[in-house]
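Colleague:
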Amino acid sequence: MSGRWVRGAVTALAAACLALAALPSSADDVEPVRRVSCPTVEAVSATSGYELDSLSSSVGSCWYGSPVKGPRHRIEFTYTKDAALSDARARVASWSSPSLKVTEAPALGEGAFAWSDGSGSNLYWEVSPGAVATLSGVGDEATAAKVATLFAPQMQVYTIPGEHSVAGRKWRTTCENYSATARCRTEIWASVIVPNGDGFSTNQGWQFNSPTYRWSDREMWGTNPLANSGTWTDSTGRHWRTECDTASTGRGACRSWFFGPTLDASASTPTVRQAWVFNNQVLFS
1 MSGRWVRGAV TALAAACLAL AALPSSADDV EPVRRVSCPT VEAVSATSGY
51 ELDSLSSSVG SCWYGSPVKG PRHRIEFTYT KDAALSDARA RVASWSSPSL
101 KVTEAPALGE GAFAWSDGSG SNLYWEVSPG AVATLSGVGD EATAAKVATL
151 FAPQMQVYTI PGEHSVAGRK WRTTCENYSA TARCRTEIWA SVIVPNGDGF
201 STNQGWQFNS PTYRWSDREM WGTNPLANSG TWTDSTGRHW RTECDTASTG
251 RGACRSWFFG PTLDASASTP TVRQAWVFNN QVLFS
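The opening position of the sequence shown corresponds to residue 1 in the working numbering, with each subsequent residue numbered one higher.
(1) What would DSSP say about A43, mapped onto helix, strand or coil?
(2) Apart from the five residues just before and just after P106, which ones in its own chain have a Cβ nearer than 8 Å to its Cβ?
(3) Considering only the alpha carbon of each residue, which of A275, R214 and C38 lies closest to Q281?
(4) Assuming the contact rule is C-beta atoms closer than 8 Å, V92 and G120 should be a hit. Round their C-beta distance to whole Å, please.
(5) Can the beta-carbon of T236 be found less than 8 Å from the beta-carbon of P225?
(6) Rounded to whole angstroms, what is the Cα-Cα separation between F151 and A267?
(7) The alpha helix (DSSP H) with R35 in it runs from where to where?
(8) Residues in its own chain within less than 7 Å of T186 by CB, not counting five upstream and five downstream?
(9) G63 to S128, Cα distance in whole Å?
(10) Looking only at its own chain, which residues have a Cβ that is under 6 Å from the Cβ of E286, when we skip the five neighbours before and after it?
(11) Give the single residue among F200, T271, L52 and L108 whose Cα lies nearest to the Cα of V132.
(12) Would you call the CB atoms of Q154 and V36 closer than 8 Å?
(13) In angstroms with no decimal places, state the Cα-to-Cα distance between F77 and G197.
(14) Hey, I193 and A265 are a contact pair by Cβ (cut 8 Å); roughly how many whole angstroms apart?
(15) Buried or exposed: where does Y178 fall if 16 or more other Cβ atoms within 10 Å of its Cβ makes it buried?
(16) Just mark V277 as buried or exposed, buried being the case when its beta carbon has 16 or more other beta carbons within 10 Å.
(17) Could you name the residues that DSSP lists as bridge partners for H164?
(18) Given S72, which residues of its chain have a CB within under 6 Å of its CB, disregarding the five upstream and five downstream residues?
(19) Indicate the three-state DSSP secondary structure (helix, strand or coil) for Q154 in the structure shown.
(20) So what does DSSP say about P195, is it helix, strand or coil?
(21) Just mark G250 as buried or exposed, buried being the case when its beta carbon has 16 or more other beta carbons within 10 Å.
(22) Going by the CB atoms, is the gap between L52 and S45 shorter than 8 Å?
(23) Going along the chain, which residues of its own chain have a beta-carbon closer than 7 Å to the beta-carbon of F200, five neighbours each way excluded?
(24) Hey, would you say A227 sits closer than 8 Å to C184, going by beta carbons?
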């Protein structure tokens, strides 16, 4: 049984994008890959106890505002440029303010902390591996920690180790160090059709989906074909194609496909055909 056939079937079941979109006129025209999933206004209002009615966001930030009439509140979540929580803490400690108070925030994980100067709490924690986030605008530290737990990284099934349940599907992810970033392997619990002697059978279980290279500086990749648009042939003769900053990938990311055998189960009798099969994605800081 060819593992490549199974991968093709699993890729289809996981709804990976196999069609290659046309390159837009400019990467700036492409929607960027978001790093954070902003919770709803209703969820943040209910958890914070504030009356909020608006949400605006960017690639790595979420801002919540209150109605024009009534008490004014603004809650802000954003990724910081700190490489680690220790860097964020050192930066805060360097501020010269007699009213500055720094406390631990164990509810948000190891190393998480809060600082206040009498005007409200500001939380810092690792929202995903290697990504430090901060939350401000919630006066009570305990409540602020509860609000902070509402924020989750995007594509966590591809970048966060552990088992996940998304849209009724089960996923399992493991990650390992790769140069200055990490490479995560994602599996999905699925039923796949595989060759079985003269016919085909259906197997259910954990099936390999794809590897993802977590957020890193684009410059780190240099001329690596996985991080640059183009086509190439590897040492085994397999043909590859990579797209970066397109409608298929989102701005700030690359995806690679290989051309190989995959099962087409759209007809009553499955057949093996050659097609572009999604293989991996690279995410840039």
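Every residue gets a Cβ at the ideal spot worked out from N, C-alpha and C, and that includes glycine. None of the values given here were measured: they were computed from a predicted structure.
Modeller: Let me lay it out:
(1) One-based indexing of the sequence shown puts residue 43 at position 43. If DSSP states are grouped into helix, strand and coil, A43 belongs with the helices.
(2) Numbered from 1 along the sequence shown, position 106 holds the residue referred to as residue 106. If we look at P106 and ignore the five residues flanking it on each side, its Cβ neighbours are A112.
(3) Position 281 of the sequence shown, counted from the first residue, corresponds to residue 281. The option with the nearest alpha carbon to Q281 is R214.
(4) As a working note, residue 92 is residue 92 in the sequence shown. As a working note, residue 120 is residue 120 in the sequence shown. That belief does not hold up - the Cβ atoms of V92 and G120 are roughly 14 Å apart, past 8 Å.
(5) Numbered from its first residue, the sequence shown carries residue 236 at position 236. Numbered from its first residue, the sequence shown carries residue 225 at position 225. Cβ atoms of T236 and P225: not closer than 8 Å.
(6) Here residue 151 refers to the residue found at position 151 of the sequence shown. Here residue 267 refers to the residue found at position 267 of the sequence shown. The alpha-carbon atoms of F151 and A267 are separated by roughly 42 Å.
(7) Mapped onto the sequence shown, residue 35 falls at position 35. Element bounds for R35: n/a, residue is neither H nor E.
(8) Residue numbering aside, residue 186 sits at position 186 when the sequence shown is read from its first letter. Within the same chain, T186 has close Cβ partners V157, Y158, W171, T173, N209, S210 and T212.
(9) Here residue 63 refers to the residue found at position 63 when the sequence shown is read from its first residue. Here residue 128 refers to the residue found at position 128 when the sequence shown is read from its first residue. Here the sequence assigns Trp to residue 63, which means Gly is not the residue at that position. Their Cα atoms are separated by approximately 19 Å.
(10) Since the first residue of the chain shown is 1 and the last is 285, residue 286 is not available in this structure.
(11) Position 132 of the sequence shown holds residue 132. Cα-wise, what sits closest to V132 is L108.
(12) Within the sequence shown, the letter at position 154 stands for residue 154. Within the sequence shown, the letter at position 36 stands for residue 36. Result yes, Cβ atoms of Q154 and V36 sit closer than 8 Å.
(13) As a position in the sequence shown, residue 77 is number 77, starting the count at 1. As a position in the sequence shown, residue 197 is number 197, starting the count at 1. Approximately 55 Å between the Cα atoms of the pair.
(14) Taking the first residue of the sequence shown as position 1, residue 193 is located at position 193. Taking the first residue of the sequence shown as position 1, residue 265 is located at position 265. Right, their Cβ atoms sit about 5 Å apart.
(15) Here residue 178 corresponds to residue number 178 of the sequence shown, with the count starting at 1. Exposed, because fewer than 16 other Cβ atoms sit within 10 Å of the Cβ of Y178.
(16) In the sequence shown, the residue the question calls residue 277 occupies position 277. Result: buried.
(17) Within the sequence shown, the letter at position 164 stands for residue 164. Its beta-bridge partners are W171.
(18) The residue labelled residue 72 in the question sits at position 72 within the sequence shown. Looking at the sequence itself, residue 72 is Arg, so the reference to Ser does not match. Excluding positions up to five away in sequence, the list reads S66.
(19) The residue labelled residue 154 in the question sits at position 154 within the sequence shown. It is coil, neither helix nor strand.
(20) Residue 195 sits at position 195 when you count from the first residue of the sequence shown. If DSSP states are grouped into helix, strand and coil, P195 belongs with the strands.
(21) Locating residue 250 in the sequence shown gives position 250, counting from the first residue. Label assigned to G250: buried.
(22) The residue labelled residue 45 in the question sits at position 45 within the sequence shown. The residue labelled residue 52 in the question sits at position 52 within the sequence shown. A contact, by the Cβ cut-off of 8 Å.
(23) Here residue 200 is taken as the residue at index 200 of the sequence shown, counted from 1. Taken in chain order, the residues that qualify are I193, V194 and P270.
(24) Against the sequence shown, residue 227 aligns to sequence position 227. Against the sequence shown, residue 184 aligns to sequence position 184. No.
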